[in-house]
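Take a look at the structure set out below.
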Amino acid sequence: MKLLLSSCAIFLALPFFALAIPTAVQESDVSYVEKLQNKTVALEVYDQGDTTSFRLRKRTNQCGHSTFENRGSEASPLISDCETLMFNIRKDGRWRLSTGVHRTVATFGTCAFGAQVRKQWYTYIGHEDIIDLIRDSIRDFRRGDGKVGSRGEMQCRGDLLWANVEWGLYHT
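Under mature numbering (1 follows the signal peptide of the UniProt record, and there is no 0), residues -20 to -1, 1 to 152 are what the sequence shown spells out, in order.
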């Protein structure tokens, strides 16, 4: 399936469906639309002269804004390992967190990202959430010795409700 929307198009993206209302479709400038397994959609915008094309691709953002706390020390993971971790999960991923159980979600080298939920039976965290948290941690808490460590809290989507998720970026 192919779809191109002009810059005047309206685009709605909701967790369970997407609606695109094109105002002009040009067959010569199309981009691919990917059917998403969990029905989450994302929008990529590319300027092409007078028009803007939209490409839907797999992205999983399951969480809202987060708090951040600097936990960097000599024992923290290497920034280069955390950057590789971000690269490795960039295409897709969604992880389920269970109540009261800390889960190491992803690791590479010295870098690990983990999370836990306290009051909601199942809650989800997406690869885009993890990438955003690692990127912002590196930006805000980069140490002179090339290490970073952080933790925080955010609201994430659960099976029924949103729930508080505690996360951490730490040494393996």
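Glycine included, every Cβ here is placed at the ideal spot set by N, Cα and C.
Q) Leaving out the 5 sequence neighbours to the left and right, which residues in its chain are closer than 6 Å to Ile59 when beta-carbon positions are compared? A) The count along the sequence shown starts at 1 and reaches residue 59 at position 79. If we look at Ile59 and ignore the five residues flanking it on each side, its Cβ neighbours are Ile118, Gly126, Val128.
Q) Where do the N-terminal and C-terminal ends of the beta strand (DSSP E) with Glu146 fall, by residue? A) Working through the sequence shown from its first residue, we reach residue 146 at position 166. Run containing Glu146: 142 to 151, per the beta strand (DSSP E) assignment.
**Q.** Cα-Cα separation, Thr79 to Val97
**A.** Mapped onto the sequence shown, residue 79 falls at position 99. Mapped onto the sequence shown, residue 97 falls at position 117. Each residue's CA atom was taken as its position, placing Thr79 and Val97 some 5 Å apart.
Q) If Asp103 and Ala92 are in contact, beta carbons under 8 Å, what's the gap, nearest whole angstrom? A) If you number the sequence shown from 1, residue 103 lands on position 123. If you number the sequence shown from 1, residue 92 lands on position 112. Note that residue 103 is Thr in the sequence shown, not Asp. Not really, about 19 Å apart at Cβ, beyond 8 Å.
Q: From the DSSP output, in three-state form, read off Cys68 for me.
A: Along the sequence shown, read from residue 1 onward, the residue named residue 68 stands at position 88. For the sequence presented, residue 68 should be read as Asn rather than Cys. In the structure shown, Asn68 adopts helical secondary structure according to DSSP, grouped into three states.
**Q.** 8 Å Cβ shell around Gly138 - same chain, five flanking residues per side excluded
**A.** For the purposes of this step, residue 138 is taken as residue 158 along the sequence shown, with counting starting at 1. Here the set comprises Val97, Gln100, Trp101, Tyr102, Thr103, Tyr104.
Q: Consider the Cβ of Val85: report whether some Cβ of chain B lies at a distance smaller than 8 Å.
A: Judged by its chain identifiers, the structure shown contains no chain B, having just a single protein chain.
Q: From the DSSP output, read off the bridge partner residues of Asn50.
A: In the sequence shown, counting from the first residue as 1, residue 50 sits at position 70. Paired residues: Ser130.
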